[in-house]
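Numbering (this note's numbering), first residue to last: 1 to 333.
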Ligand code: PEP
Ligand code: MN
C-alpha cells in the first residue's frame, strides 16, 4: 500500500500513519517530497484493514498494491490446481458436467443421468435446493432430491455436483454430493463460503452476475483461507444491457481467470445464454478460449423440465457437443 498524505499534513499526522502501520507489525517507508509526503507500507497489506489507514487524519489517498486475494492467485501458486471429484480430475483434461437444472422425479432423473453418461458426461449435475428469483417458483426437492442424487451415483457411477444455499444445509448436502455448488446468488455469501472452507469437498464457485473477476477471486479466497483449496471457478454469464440472452457469457473471464488464478475454470453456457440453440456454439467457444470443462443443462423433454427448460439441450445434442468440443480441445491445447 502507498499512502499519499495531504499537502498540508502535519508532522504529527505523518507520525500517526507510521505508528498505525507499525502497530500492525509492518514497516513504513517515508518519502518526503517538496509538497507531499508519501508513505510506503512494507509487508502483506492484506493482513490489515485498508480503511484503518485510509481514514487517518492527513491522508489524502491510500493505494493498494497487492490484489485482494492470495491463496488462489497464480502469483503465489504458478501451477494450475488439479482437483479430483470422485475419480474425475478437473484442471487437466476437458471435463463435462451435465444434467437437468433441478432434481426431478426419481425415474426421470435416473433416465436423464444415464442418457448424459452415454453421451459422454463425466459428472452429473442437478439442484435439490433451488434458489429461485420468485418465492412462488419450485424451490427443489431438498433432502428427497439428495437421495435421488445418491441413486444416480449408484446407478451410473457418475459423481454428482449439487448446490448448497445455506450454511445449515452444508452437512446434509455433503453426505450426498461429491462436490458442492455455490450459485451465482451466493457468491457473496461470505458466511457460506467460510464454512465450505472448513469442509474437504471440492467447491464449484459460480460467478456472481455482477461480480468483477477480482471480486470473484476474492470470494474464492474466503473458501481457501479456511483450509479448503479445492475450488473450481464457473463462469455463468453476467448482467449487461443485452436482454436477448438471459445473461452475457463473459468468455474474457476464462483467459482472465487463467492468468490471475491457479484455479481451474469451467463454463456454463446454459445460464450464460438462457437459450438452448446457443449452448453448443458457446460451448465450442468456451473450449477454444481455454476452459477446463463445461457445465450443461440437459433434459430429454425440455418443455416438461421443472426449471430452465428453455436453455436445456437434449442428450443427442450433448453427445454431438462433447465430440465437437473434444476436437477443438485437441486443436487448441
Ligand atoms: C444452476 O446451476 O442451476 C443455477 C441455479 O445456476 P446459477 O447460480 O448460475 O444461476
Ligand atoms: Mn438452472
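Ideal Cβ positions, reconstructed from N, Cα and C, are used throughout, including at glycine.
Please read these numbers as outputs of a predicted model, since none were measured by experiment.
| Query | Result |
| --- | --- |
| Which residue's Cα is closest to the Cα of residue 254: 217, 276 and 274? | 217 |
| In this structure, what does DSSP give as the bridge partners for residue 295? | 97 |
| Per DSSP, what kind of secondary structure is residue 339 in: helix, strand or coil? | This structure cannot settle anything about residue 339, because the visible part of the chain is limited to 1 through 333. |
| Identify whether residue 42 lies in helix, strand or coil by the three-state DSSP scheme. | strand |
| Go ahead and label residue 270 buried or exposed: buried means 16 or more other beta carbons lie within 10 angstroms of its beta carbon, across all protein chains shown. | buried |
| Report yes if the CB atom of residue 237 is closer than 7 Å to the CB atom of residue 249, and no otherwise. | yes |
| Name the one or two DSSP bridge partners that residue 27 has. | 42 |
| Excluding the 5 residues flanking residue 326 on each side, which residues of the same chain have their C-beta closer than 7 Å to its C-beta? | 94 |
| Does chain C have any CB closer than 7 Å to the CB of residue 186? | The structure shown has no chain C; it contains just one protein chain. |
| Quick one: give me the first and last residue of the alpha helix (DSSP H) that residue 50 is part of. | 50-54 |
| Would a C-beta distance cut-off of 7 Å place residue 56 and residue 14 closer than the cut-off? | no |
| Span of the alpha helix (DSSP H) holding residue 160? | Where residue 160 is concerned, there is no enclosing alpha helix (DSSP H), although the beta strand (DSSP E) it sits in stretches over 160-163. |
| Cα separation between residue 86 and residue 233? | 18 Å |
| Within the structure, which residues are defined as neighbours of the ligand MN by a Cβ-heavy atom distance below 5 Å, reported in chain order? | 101 and 308 |
| So residue 72 and residue 231 are in contact, right, with Cβ under 8 Å, and what is the actual spacing, rounded? | 7 Å |
| To test your reading of the DSSP string, which unbroken alpha helix (DSSP H) runs of 4 or more residues are found completely within the segment 168-222? | 170-176 and 190-196 |
| Can you check which of these residues, 131, 211, 5 and 235, is closest to residue 292 by C-alpha distance? | 235 |
| Answer yes or no: do residue 313 and residue 284 have a C-beta to C-beta separation smaller than 7 Å? | no |
| If we count the other Cβ atoms within 10 Å of its Cβ and call it buried at 16 or more, is residue 299 buried or exposed? | buried |
| May I ask whether a heavy atom of the ligand PEP can be found less than 6 Å away from the beta carbon of residue 127? | yes |
| From 263, 265, 303 and 310, pick the residue whose C-alpha is nearest to that of residue 278; which is it? | 310 |
| Alpha carbons only, please: which of 260, 321 and 259 is nearest the one belonging to residue 282? | 321 |
| Touching or not, the segment 113-129 and the segment 144-164, by the rule of three or more beta carbon pairs under 8 Å? | yes |
| Sorted by chain position, which residues of the same chain lie with C-beta nearer than 7 Å to residue 289's C-beta, five sequence neighbours on each side aside? | 251, 254 and 255 |
| Does the beta-carbon of residue 105 have 16 or more other beta-carbons within 10 angstroms, so that it is buried, or is it exposed? | exposed |
| Exposed or buried, which one is residue 178 when buried takes at least 16 other CB atoms within 10 Å? | buried |
| Check residue 79 in the structure and name its three-state DSSP category. | coil |
| Look up residue 267 in the DSSP assignment and give the residues it is bridged to. | 235 and 294 |
| Could you check the C-alpha separation between residue 367 and residue 259 for me, to the nearest Å? | With the chain represented from 1 up to 333, any question about residue 367 goes unanswered, as that position is not in the structure. |
| What does the alpha-carbon distance come out to for the pair residue 242 and residue 134? | 21 Å |
| Would residue 190 be called buried (16 or more neighbouring beta carbons within 10 Å of its own) or exposed? | exposed |
| Would you call residue 66 buried or exposed, if buried means 16 or more other Cβ atoms sit within 10 Å of its Cβ? | exposed |
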